[in-house]
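Below you'll find the structure, written out as structure tokens, and then a few comments.
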Amino acid sequence: MSKKEYYISCEKNSNEEVLNLDQDDEYLTRWKQSLIKEKKEDEYGENDKRLVILKELQVIVKDREDLVFGIENEEKLKDLKRNPFVLKEGCEYRFKIFFIVRKAVVTGLLWKKFVYRKGIRVDKSNEMIGSYAPQSYPYEYLTSLETASSGMMARGQYKAKSRIIDDDLNTHAEYVYSFNIKKNWPEEEK
1 MSKKEYYISC EKNSNEEVLN LDQDDEYLTR WKQSLIKEKK EDEYGENDKR
51 LVILKELQVI VKDREDLVFG IENEEKLKDL KRNPFVLKEG CEYRFKIFFI
101 VRKAVVTGLL WKKFVYRKGI RVDKSNEMIG SYAPQSYPYE YLTSLETASS
151 GMMARGQYKA KSRIIDDDLN THAEYVYSFN IKKNWPEEEK
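For the record, in the sequence shown the residue sitting at position 97 is 97 according to this note's numbering, with numbers rising by one throughout.
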């Protein structure tokens, strides 16, 4: 049974409607106002319907400089797919994403990742990001610690497909990135 078959989402209300509900509860009203800030025009304009906009992806490895990838537009996403980054086999790493939420509260953001090697899926993971209110500056989310595969058979190029969805199964972002697992870091191979 899929989530769509058994999960029924509640009706979506505008920010104004949410603020007008439960006006007799002073504490709840203040809490909602702290979440839903005054609506301001953002740099993307009213015609841009996106609620979640990814800004940056970082790969964080202990004792190494962070790898930083801008992912806010199609050209940068293509670069991320075409130019693989390198992970040393057995290293521990994390991802950090920076994203903006705009127009409405998004609930239950989930980061789904599928990793492929030579066209065969070798890993699948889901990581709950959480629920967020609109704001003009980016949120950041740091994933759980992961360990790169190791051994001669694990070395090679991988492709990962990522999606960020919400409770209602709306896809807010989709991107592909490539990486290589190598015996050594690039500067150690010389």
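Glycine included, every Cβ here is placed at the ideal spot set by N, Cα and C.
Per DSSP, cross-strand counterpart(s) of R163:
Residue 163 sits at position 163 when you count from the first residue of the sequence shown. Bridge partners of R163: K112, E174.
By the 10 Å Cβ neighbour count, where 16 or more other Cβ atoms means buried, how is I181 classified, buried or exposed?
Start at 1 with the first residue of the sequence shown, and residue 181 comes out as number 181. Buried: at least 16 other Cβ atoms inside 10 Å.
Quick check on this structure: which residue in F85, Y141, L110 has the alpha carbon closest to the alpha carbon of E127?
Counting from one through the sequence shown, the residue named residue 127 turns up at place 127. Of F85, Y141, L110, the residue nearest in Cα terms is L110.
From what residue to what residue does the alpha helix (DSSP H) around L80 run?
Counting from 1 along the sequence shown, the entry for residue 80 is found at position 80. Residues 74 to 82.
Between the region 115 to 134 and the region 78 to 91, are three or more C-beta pairs nearer than 8 angstroms?
no
Short check: CB of K161 to CB of F99, under 8 angstroms?
In the sequence shown, residue 161 corresponds to position 161, counting from 1. In the sequence shown, residue 99 corresponds to position 99, counting from 1. No, Cβ-Cβ distance for K161 and F99 is not below 8 angstroms.
Out of I97, V106, R64, I129, which has the shortest C-alpha to C-alpha gap to W185?
Position 185 of the sequence shown, counted from the first residue, corresponds to residue 185. With distances taken between Cα atoms, W185 lies closest to R64.
Spell out a yes or no on whether the region 40 to 59 and the region 169 to 176 are touching, meaning 3 or more CB-CB pairs, one atom from each, closer than 8 angstroms.
yes
Close beta carbons around P138, own chain, < 7 angstroms, minus the five adjacent residues each side
Counting from 1 along the sequence shown, the entry for residue 138 is found at position 138. Cβ neighbours of P138 beyond the five flanking positions: K55, F98, F99, I100.
How about V105 and D166: do their beta carbons lie closer than 8 angstroms?
As a first step, residue 105 must be located in the sequence shown, where it is residue number 105. As a first step, residue 166 must be located in the sequence shown, where it is residue number 166. Cβ distance not < 8 angstroms, so V105 and D166 don't count as in contact.
From the DSSP secondary-structure annotation, give me the bridge partner or partners of G70.
As a first step, residue 70 is located in the sequence shown; it is residue number 70 there, counting from the start. For G70, which the question treats as bridged, DSSP gives the partners E56.
Using the C-alpha atoms, what's the distance from K62 back to V176?
For the purposes of this step, residue 176 is taken as the residue at position 176 of the sequence shown. For the purposes of this step, residue 62 is taken as the residue at position 62 of the sequence shown. Each residue's alpha carbon lies about 24 angstroms from the other.
On the three-state DSSP scale, how would you describe E188?
As a working mapping, residue 188 is identified with position 188 in the sequence shown. Here E188 sits in helix by DSSP.
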